[in-house]
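Let me begin by presenting the structure, written as structure tokens, before commenting on it.
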Amino acid sequence: MGNYNITVLKGDGIGPDIVAEAMNVLEAVGKKYNHKFNFNEKLVGGAALDACGVPLPDDTLEACKNCDSILLGAVGGPKWDNLPSNMRPEAGALLRLRKELGLYANLRPAIIHKALSSASPIKPEIIGDSLDILVVRELTGGIYFGERGHREGKYGEEAYDVEAYSEFEVKRIAKTAFEAAMKRNKRVTSIDKSNVLESSKLWRKAVIEVAKDYPEVELDHMYVDNAAMQLVRNPKHFDVIVTSNIFGDIISDEASQITGSIGMLPSASLSDGAFGMYEPIHGSAPDIAGMDIANPIATILSAGMMLRYSFGLNAEADAIEAAVTEVLDAGYRTPDIYSEGTTKVGTKEMGRIISEKIK
Ligand code: NAD
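Once you know that position 263 of the sequence shown is 885 in the working numbering, the rest is easy, because the numbers rise by one and skip nothing.
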């Protein structure tokens, strides 16, 4: 029997509704497989701003530092959009959490379930009836964290942001990607711009070094402009993609759009060891908050990733994924993925049916 301490950050908008369903699913997994999940709920984002005047209160950060992993809903909303950027829910809470907790590896699976393959904007002859790509994005380095500033230039004011990567940072994220590939189809595509950028040349060299430790994994390299094309032209080429913070930001959004359903996609942000923060890729969807129509599946699958990557509970993670597939195959849909001939259900009902399947 395992005993796991999870800090729960429901956040704003649809966050509370979808996280509640992921917690119910974890309870069902706990009952069936004899584990105890201890949930410690803390405020984050707009909810924390309203209650304590800051987007990431100290006791929330403390709880995040002293637990086995974090389950997050989403933060943000129009009410807090006009605050200075360090006070806004996204920068003030999420970026800070990533940095403080050393969450340098962002894993974003882009999966198309067979039952939803018609939702993809890509032609059926290209996409087939399913797709399964894992984007591994470096999350705490590169241009988003590099030196930045303004200066006087030849033509007046200039602004700059520096893209810098150390060999250590690249090798660390490459290792994450190769380890993930070993559990999948043993293929890694490293995306860079090494025909132009010095930082990308180092990136490529370091990835090739790491590849030597994984002789079973097939490695190829792609320039980011070509990768953006290949993702829509021949998405089945990809198994695991590894790339920098900024390229990963763009490429992972493109990969998720190919699946056609934002409410279905989970993510994990990992540090060294088994610690991680798990959250859906979508935002707080203020337009549908509190209406019991948000799709909880992305958050439920994020909880599944937590079981797999932080707790090493692979059978339990498989059970969550299988339950989701079964429920979709049985025709249940929240409004965002509804099509004629299927059964429309709300957030709570979708969570309940998935939990039932696990029991
Ligand atoms: P969004 O992802 O919240 O919503 C985009 C669209 O997708 C909306 O129409 C929404 O209704 C729909 N949608 C999203 N999740 C859904 C779900 N689970 N089920 C059904 N429909 C869903 O993006 P946005 O509208 O650009 O941003 C809204 C707020 O969320 C903003 O304040 C933004 O800054 C914030 N945001 C937070 C995160 C995060 O917490 N990680 C990520 C992105 C955006």
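Cβ coordinates follow ideal geometry from the N, Cα and C atoms, glycine included.
The beta carbon of H735 sits no closer than 8 Å to any heavy atom of the ligand NAD. Around I628, the same chain offers L648, F659, N660, F661, N662, C689, D690, S691, I692, L693, M928 as residues with beta carbons nearer than 8 Å, after the five sequence neighbours per side are excluded. If you draw a straight line from the Cα of R770 to the Cα of E780, it is about 11 Å long.
M886 places its beta carbon less than 9 Å from that of I919. Not one heavy atom of the ligand NAD falls within 8 Å of the beta-carbon of G870. Closest in C-alpha terms to I765, from the list T865, A669, K793, comes T865. Taking A941 as reference, the option from S977, G968, V967, I959 with the minimal CA-CA separation is S977. By the criterion of at least three beta-carbon pairs nearer than 8 Å, the region 672-680 is not in contact with the region 944-964. In the displayed model, A727 falls within a strand according to three-state DSSP.
In this structure, L694 has its CB closer than 8 Å to one or more heavy atoms of the ligand NAD.
Counting other Cβ atoms within 10 Å of its Cβ, I873 reaches 16 or more and is therefore classed as buried. Taking C-beta atoms as the reference points, A896 and F933 count as a pair closer than 9 Å. If you check the C-beta of T956 against the ligand NAD, you find a heavy atom less than 8 Å away. Between T682 and Y726, the gap from beta carbon to beta carbon reaches 9 Å or more.
Inside the region 663-715, DSSP marks whole alpha helix (DSSP H) runs of 4 or more residues at positions 668-674, 680-687, from first to last along the chain. Distances between the C-beta of D703 and the heavy atoms of the ligand NAD include at least one below 8 Å. Closer than 8 Å to some heavy atom of the ligand NAD: that does not describe the Cβ of I880. Nearest to I795 by alpha-carbon distance, out of A828, E785, M804, V818, is A828.
When D835, Q879, V784 are compared, the shortest CA-CA separation from N867 is found for V784.
For L841, no alpha helix (DSSP H) encloses it; the enclosing beta strand (DSSP E) starts and ends at 840-845.
Leaving aside the five residues that flank K653 on each side, the residues in its chain whose CB is nearer than 8 Å to its CB run, in chain order, K981. Inter-residue distance for K808 and K970 is about 37 Å (C-alpha atoms, whole angstroms).
Here W702 is not near G724, since their CB atoms are 9 Å or more apart. At a Cβ-Cβ threshold of 9 Å, H657 and E962 do not count as neighbours.
DSSP places N867 in the uninterrupted alpha helix (DSSP H) bounded by 867-881. If you ignore the 5 residues before and after V946, its C-beta comes within less than 7 Å of the C-beta of I919, I922, L923, I976, all in its own chain and listed in chain order. Between the alpha carbons of S878 and E943 lies a gap of roughly 18 Å. Residue range 789-804 is occupied by the alpha helix (DSSP H) that includes E789. Taking 9 Å as the cut-off, the beta carbon of S742 is found no closer than this to the beta carbon of I755.
The beta carbon of S707 sits closer than 7 Å to the beta carbons of A713 from its chain, once the five residues preceding and following it are set aside; these are given in chain order.
When C-alpha distances from N917 are compared across K793, E838, A644, M623, the shortest belongs to A644.
DSSP, read as helix, strand or coil, puts N625 in strand. Your pair I744 and I830 does not check out as a contact, with CB atoms roughly 31 Å apart and the cut at 8 Å. For I884, the Cβ falls inside the 8 Å cut-off from some heavy atom of the ligand NAD.
Where A781 is concerned, the enclosing beta strand (DSSP E) starts and stops at 778-783.
Taking 8 Å as the cut-off, the C-beta of E901 counts as close to a heavy atom of the ligand NAD.
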